[in-house]
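Numbered per UniProt numbering, the sequence shown spans residues 1 to 209.
A short write-up of the structure that comes next.
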Amino acid sequence: MDITTHVSAQVNTPSEAPAPLRVAVIVASNREGRFAPVIADWFLSRTAEHDDLDIDVIDLAGIDLPTALSFNPSDEVKALLAQVSPRLDAADAFVVLTPEYNHSFPASLKNLIDWTGSEWHAKPVGFVSYGGMSGGLRAVEQLRQVFAEMHATTIRDTVSFHGPRAHFDDDGRHKDPSAPNTAAKALLNQLTWWAHALRNAKSARPYTG
Ligand SMILES: Cc1cc2nc3c(=O)[nH]c(=O)nc-3n(C[C@H](O)[C@H](O)[C@H](O)COP(=O)(O)O)c2cc1C
């Protein structure tokens, strides 16, 4: 996976081309032996076709936040939050790559959401899901409820892979990419529409919740 961080000044005046949208791609699985990097690499191959997107991959395998929440976190936890919170805050939009665990989404993702808050406000969230027969869709439907609480808007169209291991070759290439590529196009089209609309709205009138 190519992990890059971009935190640059946002300029978006009506007379100029809009500044690139900053999209945080969140890799939710931190499981040992996870399939997530294959899904992430495929999705990054889709975003690479959009030079109007500034991608920041936030891999939860690298951010080991404790599950015990605190209003007075230790210096160690503050340092972990400092690794992730400003990047969420800087994003105009999110794409969550989530597997399904026990008909829901991974605890690592809920933990990140519970440790954070306003970073998500008034921003769109898209989903790429994967799992068994349901392709992770049960995880996605539950996340829609969670992200409503975070003042975020979730994108209708998703990409979902059921039994993904059978669909990718040993080099991580999708064997029949036409349908998922089309799904990714719809997801990114809707995500960028909402991201521009909400960024413009917030520059005219800050979101106060
Ligand atoms: C603890 C656990 C629970 C799972 N529960 C489900 C499930 O309820 N439904 C499903 O379709 N797949 C389920 N799976 C399969 C995973 O979605 C699948 O293995 C996926 O590749 C896991 O993502 P990861 O390898 O990136 O962690 C489960 C896997 C694990 C490890």
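Virtual Cβ for every residue (Gly too), placed ideally from N, Cα, C.
Would the beta-carbon of residue i be found less than 6 Å away from any heavy atom of ligand 1?
| i | result |
| --- | --- |
| Glu141 | no |
| His167 | no |
| Phe105 | no |
| Ser108 | no |
| Ser178 | no |
| Phe35 | yes |
| Ser134 | yes |
Please work out which residues of its chain come closer than 6 Å, Cβ to Cβ, to residue i, disregarding the five sequence neighbours upstream and downstream, and give them in chain order.
| i | result |
| --- | --- |
| His162 | Met133, Gly135 |
| residue 235 | Outside the modelled stretch of the chain, which goes from 1 to 209, sits residue 235, for which no answer is possible. |
Return the bridge partner residues of residue i from the DSSP annotation.
| i | result |
| --- | --- |
| Arg22 | Asp54 |
| Tyr207 | Per DSSP, none; premise fails for Tyr207. |
| Leu97 | Val27, Val128 |
| Thr153 | Pro124 |
| Ser160 | Ser129 |
| Ser104 | Tyr101 |
| His167 | Answer is none; His167 lacks a bridge partner. |
| Asp64 | Answer is none; Asp64 lacks a bridge partner. |
Which same chain residues end up closer than 8 Å to residue i when comparing Cβ atoms and leaving out the 5 residues on each side of it in sequence?
| i | result |
| --- | --- |
| Phe35 | Ser29, Pro99, Tyr130, Pro164, Arg165 |
| Phe168 | Val38, Trp42, His174, Lys175 |
Take residue i and list the residues in its own chain whose beta-carbon comes closer than 7 Å to its own, dropping the five residues that flank it on each side.
| i | result |
| --- | --- |
| Ala9 | Low confidence applies to Ala9: its pLDDT is 40, below 50, so where it sits in the model is not reliable enough to give any reading. |
| Leu97 | Val25, Ile26, Val27, Ala28, Ala36, Ile39, Ala40, Phe43, Val128 |
| Ala186 | Asp157 |
Count the other C-beta atoms from every protein chain shown that fall within 10 angstroms of the C-beta of residue i, then say buried if there are 16 or more, exposed otherwise.
| i | result |
| --- | --- |
| Trp193 | exposed |
| Leu69 | exposed |
| Glu32 | exposed |
| Ser74 | exposed |
Within the present structure, is the beta-carbon of residue i separated from the nearest heavy atom of ligand 3 by less than 6 Å?
| i | result |
| --- | --- |
| Ser129 | Looking for ligand 3 in the displayed structure turns up nothing; the ligands present are ligand 1. |
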